[in-house]
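2 protein chains.
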Amino acid sequence: MAHLTVSVEYGLHCLLWLAGSGDKPLSSRDLADFQGISHSFLAKIFPKLEKAGIVQASGGVRGGYLLARAPEDISVLQIVDAIEGRKPLFDCQEIRGRCAVFGGAPPEWATDGVCAIHLVMLRAEKAMRDTLASQSLADIGQTVAKKAPSHFSSDVEGWITARLSGRLGKPSTSSSGEEVLS
Amino acid sequence: MAHLTVSVEYGLHCLLWLAGSGDKPLSSRDLADFQGISHSFLAKIFPKLEKAGIVQASGGVRGGYLLARAPEDISVLQIVDAIEGRKPLFDCQEIRGRCAVFGGAPPEWATDGVCAIHLVMLRAEKAMRDTLASQSLADIGQTVAKKAPSHFSSDVEGWITARLSGRLGKPSTSSSGEEVLS
Numbered sequence: 005m006a007h008l009t010v011s012v013e014y015g016l017h018c019l020l021w022l023a024g025s026g027d028k029p030l031s032s033r034d035l036a037d038f039q040g041i042s043h044s045f046l047a048k049i050f051p052k053l054e055k056a057g058i059v060q061a062s063g064g065v066r067g068g069y070l071l072a073r074a075p076e077d078i079s080v081l082q083i084v085d086a087i088e089g090r091k092p093l094f095d096c097q098e099i100r101g102r103c104a105v106f107g108g109a110p111p112e113w114a115t116d117g118v119c120a121i122h123l124v125m126l127r128a129e130k131a132m133r134d135t136l137a138s139q140s141l142a143d144i145g146q147t148v149a150k151k152a153p154s155h156f157s158s159d160v161e162g163w164i165t166a167r168l169s170g171r172l173g174k175p176s177t178s179s180s181g182e183e184v185l186s
Numbered sequence: 005m006a007h008l009t010v011s012v013e014y015g016l017h018c019l020l021w022l023a024g025s026g027d028k029p030l031s032s033r034d035l036a037d038f039q040g041i042s043h044s045f046l047a048k049i050f051p052k053l054e055k056a057g058i059v060q061a062s063g064g065v066r067g068g069y070l071l072a073r074a075p076e077d078i079s080v081l082q083i084v085d086a087i088e089g090r091k092p093l094f095d096c097q098e099i100r101g102r103c104a105v106f107g108g109a110p111p112e113w114a115t116d117g118v119c120a121i122h123l124v125m126l127r128a129e130k131a132m133r134d135t136l137a138s139q140s141l142a143d144i145g146q147t148v149a150k151k152a153p154s155h156f157s158s159d160v161e162g163w164i165t166a167r168l169s170g171r172l173g174k175p176s177t178s179s180s181g182e183e184v185l186s
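Here the protein sequences come in this chain order: A and B. One point on numbering: in the numbering used here, the residue at position 92 of the first sequence is 96, and numbering is uninterrupted. One point on numbering: in the numbering used here, the residue at position 121 of the second sequence is 125, and numbering is uninterrupted.
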C-alpha cells in the first residue's frame, strides 16, 4: 500500500479536468463518468476540496464544481493536504526519555529539543512537501497538454457540452437535491 | 496517523543502542527493557533487520544481535525500507486511460510514459528518500552524543554489563530456545 491513498489520485485528476472546463461547472458524477471511476468515492472527496477553498460549488439545476482559484495558484501539496489531512511522515513517541538508566526521571538534556531520529524524518518530510508545493495544477496541465493532440481539447469540450445539455444523459436530481452538487 | 509506523521509530532507537554496544550482543528483550518498550513488538522487527543484512544474530546463552555493518554504512533509508518494505509514496492506478472520449480504447499518447501526476509524486518521493539515504546511523549517533553528558555512555555500559552478567535479571531461556535470539 502506498503512503498516499487513491483519493489523492482521483482528486488530482478531477481538478485537472475542472481546470480545463473553464466556467462550466461539473458535478462529481460528471467527473466520475468522464473518467470511468466511482461516483460514490468522488462524492466524498469534493467536500474536502471545497472546505480547503480549492473548488467552489455552483448551485442550480446544472450545478457542480468550479476551481475556486486559478490552476497556477493551486499547488499539489495543497490538494494532498486537503484530501489526506496534514499527515506527518513520522509520529515521534518520544521514547528517548524512557531509557532504563534514567530510572523514570529523564534529565533535561535527554528530552530537550527535537529527537535526533525525528529530526532526520522532519528533513525528509520537508524535502517531500517542498517538491509537492513547487508544482501547481497548471504545471501538470501543461505536461498533459504537451502530449495530447490538438483535437483532444475539442473532444473533451464536446463531451462536456453534450453532458451539460443532457444529450449523454444525466441522473435525475434526487428529492434532497443532492445530485445537483454531488 | 503518520506515513511511517512506530516500528520504524523502535527499530531506529534499537539500532542506535546496538551501535553503541560494540561487540556485546543484545537481545530484543534487553533492548525492550532498556528503552521501556514492548518486547513482543520488537521481536517482530529484528527478523526484518536481519533479513536486510543490517543486524546479525549471535547465538549462545548470551546471544542477541549485533550490527552487521559499521553504523556509517547503514543509512536511515535502508532501515526504513527493511522495516516497512519499499512502500511507494503514490500508487498510480493509470486512470488516465479510462477517459470517456477514448471509448474504452485509449490512444498510445494517452498512456505512454509516466502519468504527469505520478511524475510529480515520484519526484517528491525521490526528494524524501534521498534525504533519508544521506543520513546514517552514525550521523544520528553523533547528534545524540553531542547532547549527552560524559557519564552517560558509562551509565549505559554499566547497565548493559550488569544485564549481560545477569545481575539485573534476564528471562530464562524457553524450551524452544527462542529467548536466546529474541
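Glycine residues also receive a C-beta, built at the ideal position from the N, C-alpha and C atoms. Just so it is clear, the structure is predicted and the values come from calculations on it, not from any experiment.
If distances are taken between C-alpha atoms only, which option among the options comes closest to residue i?
i: K52(A); options: S62(A), I87(A), E76(A) and H43(A); result: I87(A)
i: A104(B); options: V160(A), P29(A) and F45(A); result: V160(A)
i: V140(A); options: H17(A), T9(A) and I49(A); result: Note on identity: in this sequence residue 140(A) is Ser, with Val being the wrong assignment. It is H17(A) whose Cα lies nearest to the Cα of S140(A).
i: G145(B); options: P75(B), L81(B), G101(B) and A120(B); result: P75(B)
i: I78(A); options: L22(A), H7(A) and A6(A); result: L22(A)
i: T165(A); options: R100(A), R66(A), L71(A) and R133(A); result: R66(A)
i: A6(A); options: S62(B), H122(B) and Q82(B); result: H122(B)
i: I99(A); options: S169(A), K91(A), D85(A) and A114(A); result: A114(A)
i: I83(A); options: D95(A), L93(A) and K55(A); result: K55(A)
i: M132(B); options: S154(B), K91(B), A149(B) and G40(B); result: K91(B)
i: V148(A); options: D116(B), H43(B) and V148(B); result: D116(B)
i: C96(A); options: S62(A), D134(A), A120(A) and A61(A); result: A120(A)
Where do the ends of the alpha helix (DSSP H) carrying residue i lie?
i: S11(A); result: V10 to S25
i: V59(B); result: Here V59(B) belongs to no alpha helix (DSSP H); instead the beta strand (DSSP E) covers V59 to S62.
i: E112(A); result: E112 to T115
i: V80(B); result: V80 to E88
i: G145(B); result: L141 to K151
i: L126(B); result: A120 to A137
i: P51(A); result: H43 to K55
i: G30(A); result: Before going further, note that residue 30(A) is Leu rather than Gly in the sequence given. Element bounds for L30(A): n/a, residue is neither H nor E.
i: D77(A); result: From DSSP, D77(A) is part of no alpha helix (DSSP H); its letter is neither H nor E.
i: E161(A); result: H155 to L168
Using the C-alpha atoms, what's the distance from residue j back to residue i?
i: E182(A); j: Y69(A); result: At E182(A) the pLDDT is 41, less than 50, meaning the model places this residue with poor confidence; the figure from the coordinates comes in the next sentence. Rounded to whole angstroms, E182(A) to Y69(A) spans 13 Å at the Cα level.
i: G24(B); j: G162(B); result: 12 Å
i: V80(A); j: L30(B); result: 45 Å
i: Y14(B); j: V124(A); result: 15 Å
i: K48(A); j: K130(A); result: 28 Å
i: F38(A); j: S11(A); result: 16 Å
i: L168(B); j: L126(B); result: 46 Å
i: L8(B); j: K28(B); result: 29 Å
i: A128(A); j: G101(A); result: 24 Å
i: I142(A); j: G26(A); result: Checking the sequence shown, residue 142(A) turns out to be Ala, not Ile. Each residue's alpha carbon lies about 13 Å from the other.
i: V59(A); j: L20(A); result: 12 Å
i: W57(A); j: F50(A); result: Correcting the residue identity first, residue 57(A) is Gly in this sequence and not Trp. Cα-Cα distance, rounded: 11 Å.
i: K151(A); j: S157(A); result: 12 Å
i: G40(A); j: L136(A); result: 26 Å
i: P153(B); j: V118(A); result: 17 Å
i: L93(B); j: H155(B); result: 42 Å
i: T177(B); j: L46(A); result: With a pLDDT of only 45 at T177(B), under the threshold of 50, the placement of this residue in the model should not be trusted; the figure read from the coordinates follows. Cα to Cα, the separation comes out at about 55 Å.
i: A61(A); j: S42(A); result: 20 Å
i: D134(B); j: G89(A); result: 24 Å
i: G63(A); j: R73(A); result: 18 Å
i: L71(B); j: D85(B); result: 16 Å
i: S138(A); j: S44(A); result: 31 Å
List the endpoints of the continuous beta strand (DSSP E) containing residue i.
i: G68(A); result: G68 to L71
Three-pair Cβ contact test at 8 Å for the segment 99-115 of chain B versus the segment 31-40 of chain B: no
Positions along the segment 57-73 of chain A whose CB lies within less than 7 Å of some CB in chain B: none
Where the segment 146-167 of chain B meets chain A: residues whose CB sits under 7 Å from a CB there: T147, V148, K151, A152, P153, D159, V160 and W163
Interface residues of the segment 23-43 of chain B facing chain A [CB-CB below 7 Å]: D37, F38, Q39, G40 and I41
The segment 73-91 of chain B: positions lying closer than 8 Å to chain A by Cβ: V80 and K91
Chain A contacts from the segment 96-108 of chain B (Cβ-Cβ distance under 8 Å): C96, Q97, I99, R100, R102, C103, A104 and V105
Contact residues within the segment 121-137 of chain A, judged by C-beta distance below 9 Å to chain B: I121, H122, L123, V124, M125, R127, A128, E129, K130, A131, M132, R133, D134, T135 and L136
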